[in-house]
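Colleague: What follows is a structure written as structure tokens; I'll ask about it next.
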DNA sequence: GTTGCGCCTGCAAGCTATTGCGATAACCTC
DNA sequence: GAGGTTATCGCAATAGCTTGCAGGCGCAAC
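Protein chains in written order, with the numbering used here: chain Z, 1 to 144; chain U, 1 to 144.
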């Protein structure tokens, strides 16, 4: 998969250029997030990485995800499952509508938040960092 | 404090009318949330309640907060401190802008989200339940 | 290839929050 | 006021995530 390999290279270049070390743990964690087509949990990343590198510790997974998150290489979403999920951030960001009744998850484009972002900047001089958002409520199939 | 006593009565009426039992634990937890002028954490509620009723368990606090949350009597906010905070829900809902650099917390009115709510309802038929929201970013005093 | 600095990791303890289960007590009926 | 039903509670175990610390390893300089 060419696109994936290219993305991986770019991401590790970002790390190297910023002076971060390219450890096997970091590469594997990054690869796991990139290989996941949807949103992946820390535990899932952990077991994938451990398949190739049994000594890794779960805390390393969390620390690396934190690092990647800070560099905007991955985004984090809380869909209200009691665990956070991660997503590689090369595609356009998107948000989630989570139905409180049936659990359905609807992805919506980030453009939806542009008016809100503009208002916050204009009225509050607040530069909102809206990457991944989960909005809870009731979906079309679950009437009130 | 008349207003507070009145609110407490109303809240316990809601519980009773819905068939929930009015236990001293619940009353004390409710009172603690109501007595807090700002947002209160589960641990703070726990120690306040325990001062009057030493046998209470922290799990009861969480379970009660969950119940009250479901009944829209309290709202829950995650301000990114690693612990969730609670707030009595009789006043108009509001949201928070949290500065990722200096930690400042700015309260904003819920009206700000009305356009977004309308869009979600119109385009996705999704009835968003936006009570308490935290938006992270950079405040006016922390330039980029 | 070797050396050395210090970033990074593994380990273990700790924190917030949740859950299963048996015991208790709130509420209804009489 | 007494008794029965069952919602609720306390306890302890557990899950998800974080943190302090000591030792290991990536990387650059030689």
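Glycine included, each C-beta is placed from N, C-alpha and C at the ideal position.
1) Anything in chain Z within Cβ reach of residue 128 of chain U, meaning under 9 Å, just list it in chain order.
2) Does any residue of chain Z bring its CB to less than 9 Å from the CB of residue 124 of chain U?
3) Nearest by alpha-carbon distance to residue 88 of chain U: which of U:66, U:82, U:99, U:113 is it?
4) Hey, is the region 27-34 of chain Z in contact with the region 9-16 of chain Z, meaning 3+ C-beta pairs nearer than 8 Å?
5) From residue 126 of chain Z to residue 107 of chain U, what distance separates their C-alpha atoms?
6) Where does residue 42 of chain U fall in DSSP's three states?
7) Taking the CB atoms as reference points, tell me whether residue 116 of chain Z and residue 135 of chain Z lie closer together than 9 Å.
8) Please confirm whether residue 103 of chain Z and residue 128 of chain U have their CB atoms less than 9 Å apart.
9) With 16 as the cutoff for other CB atoms within 10 Å, does residue 118 of chain Z come out buried or exposed?
10) Rounded to a whole number of angstroms, what is the C-alpha to C-alpha distance between residue 42 of chain Z and residue 99 of chain Z?
11) In terms of DSSP beta bridges, what is residue 134 of chain Z paired with?
12) Given a threshold of 16 other Cβ atoms within 10 Å of its Cβ, counted over all protein chains shown, does residue 161 of chain U qualify as buried or as exposed?
13) Distance, Cα to Cα, residue 5 of chain Z vs residue 94 of chain Z?
14) Residue 32 of chain Z by DSSP, collapsed to three states: which one?
15) Could you give the residue range of the beta strand (DSSP E) that holds residue 86 of chain U?
16) Run the CB neighbour count on residue 48 of chain U, radius 10 Å, all protein chains shown included, and call it buried at 16 or more, exposed below.
17) For the alpha helix (DSSP H) containing residue 66 of chain Z, list its first residue and its last residue.
18) On the DSSP letters alone, give me the boundaries of the beta strand (DSSP E) that residue 77 of chain U sits inside.
19) Beta-carbon of residue 15 of chain Z versus every beta-carbon of chain U: anything under 9 Å?
20) Please compile the residues from chain Z whose C-beta is within a distance smaller than 7 Å of the C-beta of residue 119 of chain U.
21) Which residues share a DSSP beta bridge with residue 128 of chain U?
22) Just checking residue 69 of chain U against the ligand PLP - is the residue's beta carbon closer than 8 Å to any of the ligand's heavy atoms?
23) Cβ of residue 139 of chain U within 9 Å of Cβ of residue 85 of chain U?
24) Just the Cα atoms here: how many angstroms apart are residue 3 of chain Z and residue 114 of chain Z?
25) In chain Z, which residues lie with their C-beta within 7 Å of the C-beta of residue 106 of chain U?
26) Got a sec? Which residues, its chain only, sit under 8 Å from residue 32 of chain U by beta carbon, not counting five neighbours each side?
27) Here's the rule: buried if 16 or more other CB atoms are within 10 angstroms of the residue's CB, otherwise exposed. What is residue 34 of chain Z?
28) Between which two residues does the beta strand (DSSP E) containing residue 107 of chain Z stretch?
Modeller: So, from the listed chains and residues:
1) 97, 135, 136, 137, 138
2) yes
3) U:66
4) yes
5) 12 Å
6) helix
7) no
8) no
9) exposed
10) 23 Å
11) Z:96
12) Because chain U spans 1 through 144 in this model, residue 161 of chain U falls outside it and cannot be assessed.
13) Residue placement at residue 5 of chain Z is flagged as unreliable, the pLDDT there being 46, under the threshold of 50; a coordinate-derived value is accordingly withheld.
14) helix
15) 84-88
16) buried
17) 58-70
18) 74-78
19) no
20) 112
21) Z:137
22) Among the components modelled here there is no ligand, and therefore nothing to report on the ligand PLP.
23) no
24) Residue placement at residue 3 of chain Z is poorly supported in this model, since its pLDDT is 46, which falls under 50; the coordinates still yield a value, given next. Going by the C-alpha atoms only, they are around 29 Å apart.
25) 124, 126
26) 40, 44, 45, 48, 49
27) buried
28) 105-109
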